[in-house]
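Visitor: Numbering (our numbering), first residue to last: 27 to 493. From the three backbone atoms N, C-alpha and C, an ideal C-beta is built for every residue, glycine too. Quantities reported herein were computed from a predicted structural model and do not represent experimental measurements.
(1) By the DSSP assignment, the alpha helix (DSSP H) with residue 96 in it spans what residues?
(2) Under the assumption that residue 449 contacts residue 327 (Cβ atoms under 8 Å), give the Cβ distance between them as a whole number of angstroms.
(3) For a minimum of 4 consecutive residues, which ranges assigned as the alpha helix (DSSP H) are wholly contained in the segment 277-316?
(4) When the Cβ atoms of the segment 345-362 are set against those of the segment 307-318, are three or more pairs found closer than 8 Å?
(5) Can you check which of these residues, 123, 318 and 342, is closest to residue 297 by C-alpha distance?
(6) Given this structure, state the Cα-to-Cα distance separating residue 176 from residue 212, to the nearest angstrom.
(7) Among 282, 324, 476 and 107, which one has its Cα closest to the Cα of residue 356?
(8) I'd like to check one pair, residue 352 with residue 377: are the Cβ atoms closer than 9 Å?
(9) Is it buried or exposed, residue 227, if we count other Cβ atoms within 10 angstroms and call 16 or more buried?
(10) Please classify residue 491 as buried or exposed, where buried requires at least 16 other C-beta atoms within 10 Å of its C-beta.
(11) Looking at residue 148: is its Cβ nearer than 9 Å to the Cβ of residue 206?
(12) How would you label residue 299, buried or exposed, when you count the other beta carbons within 10 angstroms and need 16 or more for buried?
(13) What are the start and end residues of the alpha helix (DSSP H) that includes residue 429?
(14) According to DSSP, is residue 515 part of a helix, a strand, or is it coil?
(15) Kindly indicate which residue of 443, 126, 146 and 72 has the alpha-carbon position closest to the one of residue 324.
(16) Apart from the five residues just before and just after residue 150, which ones in its own chain have a Cβ nearer than 7 Å to its Cβ?
(17) Name the residue from 425, 430, 404 and 424 whose alpha carbon lies nearest to the alpha carbon of residue 375.
(18) If you run the structure through DSSP and keep just helix, strand and coil, what is residue 219?
(19) Relative to the alpha-carbon of residue 146, which residue among 131, 231 and 457 has its alpha-carbon at the smallest distance?
(20) Between residue 162 and residue 113, which are expected to be in contact by the criterion C-beta below 8 Å, what is the C-beta distance as a whole number of angstroms?
(21) Between which two residues does the alpha helix (DSSP H) holding residue 356 run?
(22) Specify the secondary structure class of residue 120 as computed by DSSP and reduced to three states.
(23) Of the residues 258, 156 and 197, which one's Cα is nearest the Cα of residue 209?
(24) Can you look up residue 271 in the DSSP assignment and give me helix, strand or coil?
(25) Going by CA-CA distance only, name the one from 63, 408, 389 and 136 that's closest to residue 198.
(26) Determine the DSSP secondary structure at residue 63, reduced to helix, strand or coil.
(27) Check each candidate in 154, 456 and 287 and name the one with the smallest Cα separation from residue 123.
(28) With H, G and I counted as helix, E and B as strand and the rest as coil, what does DSSP make of residue 498?
(29) Please report the straight-line C-alpha distance between residue 493 and residue 461, rounded to a whole angstrom.
(30) How about residue 109 and residue 97: do their beta carbons lie closer than 9 Å?
(31) With 16 as the cutoff for other CB atoms within 10 Å, does residue 365 come out buried or exposed?
(32) Taking DSSP as the reference, what is the three-state secondary structure of residue 24?
(33) Measure how close the beta-carbons of residue 329 and residue 362 come, nearest whole angstrom, since I'm counting them as under 8 Å.
(34) For residue 398, collect the residues of the same chain with a Cβ closer than 8 Å to its Cβ; drop the 5 residues on either side in sequence, then sort them by chain order.
(35) Identify which residue in 166, 196 and 204 has its Cα closest to the Cα of residue 179.
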């Protein structure tokens, strides 16, 4: 097998071990949430998570991505001097963010307290530092430790949920507390196990280094916010026009595509590292084209199958109160697929340190998404919200496919595009057909087409030959 592909697969496996537990757990907890939380309760919790997702990049200035990128450049250094400089100054940015959180907490406490203020702010603080520590460990090349932190997070979240949500029925506050504790325990593990404190020393504080890191990371903030706008801003529009209960229903529907996100995030972690390491390789176009073909087939095949299973999944495992969530799930599955395909091309911006381009492309997609949502939400309700998200990611995918050709020119086969398009359209249409037998037959056909379309590559992979 090609060395680069083999390394990509190995890294994907390592990340899978660490992330599979947490992602599967997130999916497995959906039925529990549906039985122990009303749509209004879950809608409030979902808004809290959505808001924190927005605040994190604004507060930590996406410094985690800069730490990871700069540590990769010094991965093979015999001396840890530069690593200490990078980590120290990156963590200082995180500490400044924590100071801002404390000041904001005290101000709200005396001026206008919010519901569940203390646990919400603890959740926010933990969410600030956890990605910084994760990316630091990845940058140091300790992927196994990164994987272990994911397992610890999963176990802690499960125990916390069973205690606070199931046993004591604390509902919203129980969910927030469980998530916060899981983040804190995992963060402490990432600090203590590798003795990360050895890389932090105030003597390495360097304003110039902080500015250098921020010059890379700050353009990612609008990019991240744009991703948030495409994926999450619609929830505030739901809240405005349809209310908390509708947001709870949509929020639960959005949890099911988490199964696809689970697979995606595992691969994307390994792909990001591989793309950066091979951005100067002469044969990069061939390598990147092979990876994209596998990703294209994998994403849209998996999304098609899940779309066909949407109604069966919801009717089987969640409370009847949330049954109608299945109607939005097929659209959301394909949204996740195109989100990941967009992320594949977005990695080239990180690899070539062209983060401003990542920002501009995301902003265009975000504006398109929000505009569609505002126009159609009163007429089509939650269907309009899901559809606008899909078209936002589809727009981003098309733009980045064209724009990144100045970095890497990928080779596409017309038959792949036509076959996959046929699969997507067919699965979306038949996902709303009542006959389960028809859906099952189509699933078998889709799997068969995917295998036949990639037969040579799959057989060579199995036989451990070169592509």
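Guide: By the coordinates alone:
(1) Residue 96 sits at position 70 when you count from the first residue of the chain shown. Counting along the chain, the alpha helix (DSSP H) containing residue 96 begins and ends at 89-99.
(2) Residue 449 sits at position 423 when you count from the first residue of the chain shown. Residue 327 sits at position 301 when you count from the first residue of the chain shown. Indeed, because the Cβ distance is near 7 Å, the residues count as touching under 8 Å.
(3) 284-303
(4) Contact between the segment 345-362 and the segment 307-318 is absent: fewer than 3 CB-CB pairs across the two stretches fall below 8 Å.
(5) Taking the first residue of the chain shown as position 1, residue 297 is located at position 271. Among 123, 318 and 342, the Cα nearest to that of residue 297 belongs to 318.
(6) In the chain shown, counting from the first residue as 1, residue 176 sits at position 150. In the chain shown, counting from the first residue as 1, residue 212 sits at position 186. Going by the C-alpha atoms only, they are around 7 Å apart.
(7) Here residue 356 refers to the residue found at position 330 of the chain shown. The shortest Cα separation from residue 356 among 282, 324, 476 and 107 belongs to 282.
(8) Here the question's residue 377 lines up with position 351 in the chain shown. Here the question's residue 352 lines up with position 326 in the chain shown. Not closer than 9 Å, so no.
(9) Translated into positions along the chain shown, residue 227 becomes position 201. By the 10 Å Cβ count, residue 227 comes out exposed.
(10) Numbered from its first residue, the chain shown carries residue 491 at position 465. Since pLDDT at residue 491 reaches only 42, below the 50 mark, its modelled position is unreliable, and the value read off the structure follows with that caveat. Exposed is the call here.
(11) As a working note, residue 148 is residue 122 in the chain shown. As a working note, residue 206 is residue 180 in the chain shown. Going by C-beta atoms, residue 148 is nearer than 9 Å to residue 206.
(12) Within the chain shown, numbered from 1, the residue matching residue 299 stands at position 273. Its Cβ being crowded by 16 or more others within 10 Å, residue 299 is buried.
(13) Here residue 429 corresponds to residue number 403 of the chain shown, with the count starting at 1. Looking at the DSSP string, the run of the alpha helix (DSSP H) that includes residue 429 is 408-429.
(14) Only positions 27 to 493 of the chain appear in this structure, which leaves residue 515 out of reach.
(15) The sequence position of residue 324 within the chain shown is 298, counting from 1. Per the Cα distances, 443.
(16) On the chain shown, position 124 is the one that residue 150 refers to. The answer, listed in chain order, is 78, 81 and 127.
(17) On the chain shown, residue 375 is found 349 positions in, with the first residue counted as 1. Cα-wise, what sits closest to residue 375 is 430.
(18) What you label residue 219 is simply residue 193 of the chain shown in a count that begins at 1. Here residue 219 sits in coil by DSSP.
(19) For this step, residue 146 is matched to residue 120 along the chain shown. Nearest option by C-alpha distance: 131.
(20) Start at 1 with the first residue of the chain shown, and residue 162 comes out as number 136. Start at 1 with the first residue of the chain shown, and residue 113 comes out as number 87. Contact flag correct, Cβ pair sits at about 6 Å.
(21) Working through the chain shown from its first residue, we reach residue 356 at position 330. First-last of the alpha helix (DSSP H) with residue 356: 355-377.
(22) Within the chain shown, residue 120 is the residue found at index 94, counting from 1. Of the three classes helix, strand and coil, the one that applies to residue 120 here is helix, per DSSP.
(23) Counting from one through the chain shown, the residue named residue 209 turns up at place 183. Comparing Cα positions, the closest option is 156.
(24) Position 245 of the chain shown, counted from the start, is the residue given in the question as residue 271. Residue state, collapsed to three classes: helix.
(25) Position 172 of the chain shown, counting from 1, holds the residue named residue 198. Taking only the C-alpha atoms, the option nearest residue 198 is 63.
(26) Taking the first residue of the chain shown as 1, we reach residue 63 at position 37. Note: residue 63 maps to coil in three-state DSSP.
(27) Here residue 123 refers to the residue found at position 97 of the chain shown. Of the listed residues, the one whose Cα sits closest to residue 123 is 154.
(28) Nothing can be reported for residue 498: it is not among the residues displayed for the chain, which extend from 27 to 493.
(29) Here residue 493 refers to the residue found at position 467 of the chain shown. Here residue 461 refers to the residue found at position 435 of the chain shown. Below a pLDDT of 50, predicted positions are generally treated as unreliable, and residue 493, at 41, falls in that range; the measurement from the model is reported next regardless. Cα-Cα distance, rounded: 40 Å.
(30) Indexing the chain shown from 1 puts residue 109 at position 83. Indexing the chain shown from 1 puts residue 97 at position 71. Between residue 109 and residue 97, the CB-CB gap stays under 9 Å.
(31) Along the chain shown, read from residue 1 onward, the residue named residue 365 stands at position 339. Result: buried.
(32) Because residue 24 is not part of the residues shown, which for the chain are 27 to 493, the question remains open.
(33) Stepping through the chain shown from its first residue, residue 329 is reached at position 303. Stepping through the chain shown from its first residue, residue 362 is reached at position 336. Correct: roughly 7 Å between the Cβ atoms.
(34) The count along the chain shown starts at 1 and reaches residue 398 at position 372. Same-chain partners within the cutoff: 410, 413, 414, 417 and 418.
(35) Taking the chain shown and counting its residues from 1, the one referred to as residue 179 is at position 153. For the residues 166, 196 and 204, the minimum Cα distance to residue 179 belongs to 204.
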